[in-house]
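Trainee: Structure below; questions to follow.
There are 2 protein chains.
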Amino acid sequence: MRLSSYFLPTLKETPAEAQITSHILMLRAGMVRQGAAGIYSWLPLGLRVLKKIENIVREEQNRAGAQEILMPTIQSSDLWQESGRYEDYGKEMLRIEDRHGRAMLFGPTNEEMITDIFRREVKSYRDLPLNLYHIQWKFRDEVRPRFGVMRGREFLMKDAYSFDLSAEDGVKSYNAMFVSYLRTFARLGLKAIPMRADTGPIGGDLSHEFIILANTGESEVFYDPAFETMDPMVDAGTAKDDLQPTVDAWTAPYAATEEMHDATLAPDNLITGRGIEVGHIFFFGDKYSAPMGATVQGPDGKPVAVQMGSYGVGVSRLVGGIIEACHDENGIVWPEPVAPFKVGLINLSAKDQSVTDACDKLYSDLDSAGIEVLYDDRNERAGAKFANMDLIGLPWQIALGKRGFEKGMVELKNRKTGERWDVSLDDIVSQMKG
Amino acid sequence: MRLSSYFLPTLKETPAEAQITSHILMLRAGMVRQGAAGIYSWLPLGLRVLKKIENIVREEQNRAGAQEILMPTIQSSDLWQESGRYEDYGKEMLRIEDRHGRAMLFGPTNEEMITDIFRREVKSYRDLPLNLYHIQWKFRDEVRPRFGVMRGREFLMKDAYSFDLSAEDGVKSYNAMFVSYLRTFARLGLKAIPMRADTGPIGGDLSHEFIILANTGESEVFYDPAFETMDPMVDAGTAKDDLQPTVDAWTAPYAATEEMHDATLAPDNLITGRGIEVGHIFFFGDKYSAPMGATVQGPDGKPVAVQMGSYGVGVSRLVGGIIEACHDENGIVWPEPVAPFKVGLINLSAKDQSVTDACDKLYSDLDSAGIEVLYDDRNERAGAKFANMDLIGLPWQIALGKRGFEKGMVELKNRKTGERWDVSLDDIVSQMKG
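Sequence order for the protein chains is A and B. Take the first sequence: its letter number 264 is residue 264 in my numbering, and every next letter is one higher. Take the second sequence: its letter number 32 is residue 32 in my numbering, and every next letter is one higher.
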């Protein structure tokens, strides 16, 4: 992509509307713009990141055996009356009346709707286990939306729902999602720690939050140093039956958010840090299946209310969360798997035809090699171009100017470490491919 | 994907709620289920088709130089007051009041919102031309939603918006989308004919609908036989400046929907058929930019209201549209580019271990070769399996039973032509790859 024609409205100044780092940087880097309070439009650079996160989440859900569906944003209130949550949910639920006066709502979550789909279609224990997920926009009408996409009103969430015949099998499904989340966050370039959690309005008594560490995180967290050296890339080939030891290993060391922390029970030598919740999983048995009649015929022919769990990842929230965890004083520092482009190519001498020709060729070669590259072909000062590239945080910067061109060399910079070195113009494409 | 664990609730009977072919077949093939009137959940098979269509639409938008963004579903009413359309839109607009009593709405289209983004970020003619698109769920509160996803209330639409300095440039952007649409529908396996159209509530005086031909289409269409032999895969390398001859060639032969047809003006020997609208493009100049103050500084330093167009494709509607165009008495006949899987593999002797082993291996080999395959590994009658595969309409069926296994042969069937022939078990994977 050539920056001269790319819709990337970056800002030099810190916008007044933003308080926290990720919000400031997402506005400055031209990733999002607010439409109404807590409701954002994703501009091209921001959308690229959102899609990369979404795809990694999707791949790991599929790997764990969950099947993707897509439920609508607008739901009828009937199902919520059945489950008993219609009144409970309060003002956070965006209630809507359609032209015929029917009570509708913009889904804040989908336990009711998925339970309804399940009960209409699945009749026998032979069709279990089943795990269905979707990645869809939700709406929660927060009193005071703030912190950009970290606490918006319209947000993108992946929510999965598991159905099992017995509580024992239900816990196996819960464990599969637990392990899948460890992999998901690691692939996003994040260190996530599972912490025992309250279940709130979702219900049930088994629940974990996944908290990523970030100095600027929203809440204080306390955790065992053992987490620092544990490998979250759990072998996905492991059968569901054998995951309990992995879950045990990840839940044995102490880890708690401020809310759940009990200093009298906690071991000494804990690390105190700050964290951001990016995932939350629940096992709630028959809380929805019993009132809503989601039963299957068991092996003995009798109806059994299925055992359910639900599993959420805040996909749009993660964009902010990753920035909170990955930035420096100059801007964003994207982990490579979610970077909007891998490489930023800077033409330092846009007025010089031979340098421009060399940059154009390099751009085309990188592109042909399948490397995602954003090419700053604008006629701007070098300093402004470097500052802009640092701000948007692509993992690699390649700069080519008159002096380098005469030597046949580009300057390569690693955004994260700040290291720079010269690389031959002939070698740079293959080096970037590796 | 193994059918034994795939969430594919197919139906043998025709559901009472459906009148038209695509609606009946989408319910029978387990692609969608209705949540509330005109609001659908997409089950795994349906979502795969929806995503394939979405991706082809996206690729062709990108190829035409449009840039992807994502606007939210919920909008503030303020912008619609500014454009003057808030009252005009009537009861089709789903109006919502948030917890603070602010008037919001579920976007039925995005001219206002994109114009607002543009006017906040783009200041100079040097940043033009610009074309921004998104693929997002919309809501139109139809009085009588019907025909499944063909006339639903919540629907997925691709809408692009072009911004130019002059009307002349605006028409070039319009032409680029016109040509891009020809390619898009051809890639989806459809014959689409552009027809001059009314502009309705969008406005402007240049507009075309893209109508696909289907015997069961919603409206009568009249068109010149010349369309039958024209090649819609217009060379995408053609510069925007040079597209007028292509657009002229595609608009010169007579083509009109019932609504616009004038028998006194139409030439003889027209083909009369039925069609479905799947795309609609508009050039409306400064209809939104003038009242909303979307101006750029022109080359002479003076502010100019930009010239705009908008370009819609009904992505979810296309799923129904393709089925209307591509089915027979046994079910759906997917064009390969949008088929949920390329191949259906049928184990005809699921109780026989050696046949099952051979099927398992073939499934694994096809999968490793990157071929999307749905494997009917269930313990069901052969007749039911064949009927089910015909219903869901995968382009190729591979059947392996005891007799074939002993000869080392599978039976390959082309769903569209109905042709069947024997292929050696050793050759089938490479044949499917080709």
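Glycine included, every Cβ here is placed at the ideal spot set by N, Cα and C.
1) In terms of alpha-carbon separation, which member of A:G309, A:F155, A:A18 and A:A29 lies closest to A:A387?
2) Excluding the five sequence neighbours on either side, which residues of its own chain have a C-beta within less than 6 Å of the C-beta of B:I69, listed in chain order?
3) For A:N41, which residues in chain B fall below 8 Å Cβ to Cβ?
4) Just the chain B side, please: which residues come within less than 7 Å of A:W80 by C-beta, in chain order?
5) Classify A:E154: buried if its beta carbon has 16 or more other beta carbons within 10 angstroms, exposed otherwise.
6) Quick one: Cα of A:R146 to Cα of B:F185, how far?
7) B:E435 and A:P9: beta carbons closer than 8 Å?
8) For A:V278, which of A:S4, A:V143, A:L188 and A:L265 has the nearest alpha-carbon?
9) Would A:S76 count as contacting chain B if we go by Cβ distances under 8 Å?
10) Report the rounded CA-to-CA distance for A:G170 versus B:M31, giving the unit in angstroms.
11) Would you say B:Y83 and B:Y288 are within 8 Å of each other, going by their C-beta atoms?
12) Out of A:M93, A:E218 and A:E97, which one is the CA nearest neighbour of B:L94?
13) Please look up how many angstroms separate the CB atoms of B:V234 and B:T246, rounded, as I've assumed it's under 8 Å.
14) Identify each residue in the segment 265-293 of chain A for which the Cβ-Cβ distance to at least one residue of chain B is less than 9 Å, and report them in chain order.
15) Taking A:K433 as the query, report the chain B residues whose CB atoms sit under 7 Å from its CB, ordered along the chain.
16) Which of the three DSSP states is assigned to A:P395 in this structure?
17) Which residues mark the beginning and the end of the beta strand (DSSP E) in which B:L412 is found?
18) Under 8 Å, Cβ to Cβ, is there at least one residue of chain A near B:I96?
19) Using the beta-carbon of each residue, which ones in chain A are nearer than 8 Å to B:K138?
20) Below 8 Å on the Cβ atoms is my contact criterion, and I expect B:D376 with B:I346 to pass it. Report the Cβ-Cβ distance as a whole number of Å.
21) From B:R48 to B:P340, what distance separates their C-alpha atoms?
22) Between which residues of its own chain and B:G46 is the CB-CB distance below 6 Å, once the five residues before and five after are set aside?
23) Kindly list the residues whose CB is nearer than 7 Å to the CB of B:L27, restricted to its own chain and excluding five residues on each side of it in sequence; keep chain order.
24) How long is the line joining the alpha carbons of B:G293 and B:T115, rounded to whole angstroms?
25) Just to make sure I have the definition right: I need the residues of chain A whose C-beta is within less than 8 Å of the C-beta of B:M308. Which are they?
26) Per the contact definition of three or more C-beta pairs closer than 8 Å, is the segment 305-324 of chain B in contact with the segment 347-362 of chain B?
27) Note down, in chain order, each residue of its chain lying with its Cβ closer than 8 Å to the Cβ of B:A64, except the 5 sequence neighbours on either side.
28) Have a look at A:A167 and A:F106 and give me their C-alpha separation to the nearest angstrom.
29) Just the C-alpha distance for A:D248 and A:P194, rounded to the nearest angstrom, thanks.
30) Please identify, using Cβ separations under 8 Å, the residues of the segment 132-157 of chain A that lie next to chain C, in order along the chain.
31) Applying the 10 Å Cβ sphere with the 16-neighbour rule, what's the burial state of B:G418?
32) Verify the CB distance criterion: does A:G35 have a CB-CB separation below 8 Å to chain B?
33) Is there a Cβ of chain B sitting closer than 8 Å to that of A:L458, yes or no?
34) B:W334 and B:P267 - do their beta-carbons sit closer together than 8 Å?
35) With a threshold of 8 Å between beta-carbons, can A:P9 be considered close to chain B, or not?
36) Quick one: grab the DSSP three-state call for A:D377.
Mentor: In this structure, then:
1) Of the residues A:G309, A:F155, A:A18 and A:A29, the one whose Cα lies closest to the Cα of A:A387 is A:A29.
2) For B:I69, where only same-chain residues beyond five positions count, the Cβ hits under 6 Å are L132 and H134.
3) Here residue 41 of chain A is Ser; the residue named in the question, Asn, does not match the sequence. For A:S41, the neighbours in chain B by C-beta distance under 8 Å run, in chain order, I69, L70, M71, P72, M113 and I117.
4) Near A:W80 there are no residues of chain B at all, since even the closest Cβ is about 12 Å away, more than 7 Å.
5) By the C-beta density criterion, A:E154 is buried, having at least 16 other C-beta atoms within 10 angstroms.
6) So the alpha carbons of these two residues sit roughly 42 Å apart.
7) An answer regarding residue 435 of chain B cannot be provided, because it is not within the stretch 1 to 434 covered by chain B.
8) Among A:S4, A:V143, A:L188 and A:L265, the Cα nearest to that of A:V278 belongs to A:L188.
9) Judged by the 8 Å Cβ criterion, A:S76 is in contact with chain B.
10) Approximately 27 Å, taken between the alpha carbons.
11) Checking the displayed sequence, the identity of residue 83 of chain B turns out to be Ser instead of Tyr. For B:S83 and B:Y288, yes; Cβs fall inside 8 Å.
12) If you compare the alpha carbons of A:M93, A:E218 and A:E97 with that of B:L94, the shortest gap goes to A:E97.
13) Rounded to whole angstroms, the Cβ separation of B:V234 and B:T246 is 5 Å, and the two are in contact under 8 Å.
14) For the segment 265-293 of chain A, the set of residues with a beta-carbon nearer than 9 Å to any beta-carbon of chain B is empty.
15) Under a criterion of Cβ atoms nearer than 7 Å, no residue of chain B is adjacent to A:K433; the nearest Cβ is some 21 Å distant.
16) Coil at A:P395, not helix or strand.
17) M409 to N414 is the span of the beta strand (DSSP E), which, as asked, contains B:L412.
18) True, the Cβ-Cβ gap to chain A drops below 8 Å.
19) None at all; the shortest Cβ gap to chain A is about 10 Å.
20) Contact flag correct, Cβ pair sits at about 5 Å.
21) When the Cα atoms are used, B:R48 and B:P340 turn out to be separated by approximately 5 Å.
22) M31 and V32, listed in sequence order.
23) Taking B:L27 as the centre and dropping the five residues before and after it, the same chain places the C-beta of L11, P15 and A18 closer than 7 Å to its C-beta, in chain order.
24) Those two C-alpha atoms are separated by around 9 Å.
25) Here the premise fails: no neighbours, minimum Cβ distance about 15 Å.
26) No contact exists between the segment 347-362 of chain B and the segment 305-324 of chain B.
27) Answer for B:A64: N131, A176, M177, V179, S180 and A236, listed in chain order.
28) Each residue's Cα considered, the two are about 31 Å apart.
29) The C-alpha of A:P194 is placed about 11 Å away from the C-alpha of A:D248.
30) Judged by its chain identifiers, the structure shown contains no chain C, and its protein chains are A and B.
31) That one is exposed.
32) Yes, A:G35 counts as interfacial toward chain B.
33) No answer is possible for residue 458 of chain A: the residues shown for chain A start at 1 and end at 434.
34) No, these two residues do not count as a Cβ contact at 8 Å.
35) Answer yes: the Cβ-Cβ gap between A:P9 and chain B drops below 8 Å somewhere.
36) Coil.
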